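Numbering of the sequence shown is given in the numbering used here, commencing with residue 266 and proceeding in unit increments. From the three backbone atoms N, C-alpha and C, an ideal C-beta is built for every residue, glycine too. If you're wondering where the values come from, they're calculated on a predicted model, not measured in any experiment. Taking it in order: structure first as structure tokens, then the write-up.
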Amino acid sequence: MSYVEMPGAKVPIRMWTDPATVEDVALQQLRNVATLPWIKGLAVMPDVHYGKGATVGSVIAMRGAVCPAAVGVDIGCGMSAVKTSLTANDLPGDLSRLRSKIELAIPVGRGMHAEPVEPGDFHGLATAGWGEFWGRFDGVAEAVKFREERAVKQMGTLGSGNHYVEVSLDGEGSVWLTLHSGSRNIGKELAEHHIGVAQKLPHNQGLVDRDLAVFVSDTPQMAAYRNDLYWAQEYAKYNRSIMMALLKDVIRKEFKKAKPTFGTEVSCHHNYVAEERYEGMDLLVTRKGAIRAGAGDLGIIPGSMGTATYIVKGLGNEKAFNSASHGAGRRMSRNAAKRRFSTKDLEEQTRGVECRKDSGVVDEIPGAYKPIDQVMDQQRDLVEVVAKLKQFICVKG
Numbered sequence: 266m267s268y269v270e271m272p273g274a275k276v277p278i279r280m281w282t283d284p285a286t287v288e289d290v291a292l293q294q295l296r297n298v299a300t301l302p303w304i305k306g307l308a309v310m311p312d313v314h315y316g317k318g319a320t321v322g323s324v325i326a327m328r329g330a331v332c333p334a335a336v337g338v339d340i341g342c343g344m345s346a347v348k349t350s351l352t353a354n355d356l357p358g359d360l361s362r363l364r365s366k367i368e369l370a371i372p373v374g375r376g377m378h379a380e381p382v383e384p385g386d387f388h389g390l391a392t393a394g395w396g397e398f399w400g401r402f403d404g405v406a407e408a409v410k411f412r413e414e415r416a417v418k419q420m421g422t423l424g425s426g427n428h429y430v431e432v433s434l435d436g437e438g439s440v441w442l443t444l445h446s447g448s449r450n451i452g453k454e455l456a457e458h459h460i461g462v463a464q465k466l467p468h469n470q471g472l473v474d475r476d477l478a479v480f481v482s483d484t485p486q487m488a489a490y491r492n493d494l495y496w497a498q499e500y501a502k503y504n505r506s507i508m509m510a511l512l513k514d515v516i517r518k519e520f521k522k523a524k525p526t527f528g529t530e531v532s533c534h535h536n537y538v539a540e541e542r543y544e545g546m547d548l549l550v551t552r553k554g555a556i557r558a559g560a561g562d563l564g565i566i567p568g569s570m571g572t573a574t575y576i577v578k579g580l581g582n583e584k585a586f587n588s589a590s591h592g593a594g595r596r597m598s599r600n601a602a603k604r605r606f607s608t609k610d611l612e613e614q615t616r617g618v619e620c621r622k623d624s625g626v627v628d629e630i631p632g633a634y635k636p637i638d639q640v641m642d643q644q645r646d647l648v649e650v651v652a653k654l655k656q657f658i659c660v661k662g
């Protein structure tokens, strides 16, 4: 489908989905965003749903301003994927051992490494800039400095919620590795600190929603936020790189005879800010629950722990600010999913997948998400499909 345009106070709201299917609270959030004085465009992806602070699945283009709540608290959250030389024929009948080895290598939930993981410990993992990156921690907000040790030990860890590691097969029987995570607790604490700062600034006092408080250009508060934002985005990228290195290490050891090799890694943020130019204007583009899909950009759009993941190539649609959805998107809240579904439902909907099937992950059940194939159909003018993957192992925190 192409987009549907709804009227907004300052800019039209371009929606790559049927507005009638979007919750009223999410529509109101979008209308509120469209009132911001600095806004130059708003695109809404087909995975759109209500989010804390700002709508998930929204792409907000502003001139001279950025809204920290519209980035979200998991700064730099995103996906990584890599194709391996393994095929379905290489896989064991019992996948539980492989899942256990992955869980041993990559701490999940609130877990962290006992000792910091160094990139140089792994085959082919780039270490350029590692020391300089950690050196810049001295320049982040004073309020989070006491978290340095935790941030160091959480580097290369998964987290919980919708974060995961998966081993999948594509349509040709090739094995892929995918994972989803972000900037862990340090990103959350940086985000919450700056959201609090923004909400107290005088220019934000008349906004329709205090969660939409912004920083404006040429102010010390904006400079401080952008410094910390870009550092956290880099943390998230390193975090995924190290987890992928740990995952590859497990695969090498478990499939020694097959001598697995790995293709080029695909990686993309879906909660972040980028400086981009549209219609002759330099804009700050915030993607919350959206990936960049410029012409030729490779991206990853997952479904849920029992459905497909798509590797895609961007088509460069400027009406969407070169963006696409970050996944299927939730169709119900976590609490609603827990009320509606049981562990028996979870077992049924994840049949054939080696994964947790207990009450702790019922809120991640496939039924709590929109149908991924429908979401992909709604963005045919944003991306083209490169590969469709189906997981057979899913690790969650």
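Check, Outcome
"Pop quiz: Val672 and Gly421 are said to be a contact at Cβ under 8 Å. What is the actual Cβ separation, rounded to whole angstroms?", "Because residue 672 is not part of the residues shown, which for the chain are 266 to 662, the question remains open."
"Who are the near neighbours of Val481 in its chain, counting only those whose CB is closer than 8 Å to its CB and skipping five residues on each side?", "Trp303, Gly329, Ala330, His468 and Met487"
"State the CB to CB distance for the pair Val531 and Ser345, rounded to an integer number of angstroms; the pair is presumed to be in contact (CB under 8 Å).", "7 Å"
"With the cut-off set at 9 Å, would you say Asp610 and Val626 are in Cβ contact?", "no"
"Please classify Phe586: does DSSP put it in a helix, a strand, or coil?", "coil"
"Taking 8 Å as the threshold, find out whether the stretch 542–554 comes into contact with the stretch 311–330 through three or more Cβ pairs.", "yes"
"Taking the alpha-carbon positions, what's the Gly404 to Glu499 distance?", "14 Å"
"Can you tell me whether DSSP reads Arg557 as helix, strand or coil?", "strand"
"Looking at the structure shown, is Asp283 part of a helix, part of a strand, or coil, going by DSSP?", "coil"
"According to the neighbour-count rule (16 or more other Cβ atoms, all chains shown, within 10 Å of its Cβ), is Lys518 buried or exposed?", "exposed"
"Helix, strand or coil: how does DSSP classify Val409 here?", "helix"
"Considering only residues of the stretch 481–544, which uninterrupted alpha helix (DSSP H) runs meet the minimum length of 4 residues and lie entirely inside it, listed in chain order?", "485–519"
"Can you give me the start and stop residues for the beta strand (DSSP E) that Glu649 sits inside?", "Val648 to Lys661"
"Give a yes or no on whether the C-beta atoms belonging to Ile371 and Leu466 are separated by under 9 Å.", "no"
"Starting from Ala308, trace the beta strand (DSSP E) both ways and give me its first and last residue.", "Ile304 to His314"
"Given a cut-off of 9 Å on the beta-carbon distance, is the pair Lys578 and Gly568 in contact?", "no"
"When burial is assigned at 16 or more other CB atoms within 10 Å of the CB, is Val440 buried or exposed?", "buried"
"Measure the C-alpha to C-alpha separation of Arg605 and Gly376 and round it to an integer number of angstroms.", "29 Å"
"At which residues does the beta strand (DSSP E) containing Ala326 begin and terminate?", "Val321 to Met327"
"I need the boundaries of the alpha helix (DSSP H) containing Ile460, first residue and last residue.", "Arg449 to Gln464"
"How many whole angstroms separate the CB atoms of Ala589 and Val648, which I take to be in contact at a CB cut-off of 8 Å?", "5 Å"
"May I ask which residues mark the beginning and end of the beta strand (DSSP E) holding Asp289?", "Counting along the chain, Asp289 falls outside any beta strand (DSSP E), though it belongs to the alpha helix (DSSP H) covering Asp289 to Val298."
"Short check: CB of Val313 to CB of Ile658, under 9 Å?", "no"
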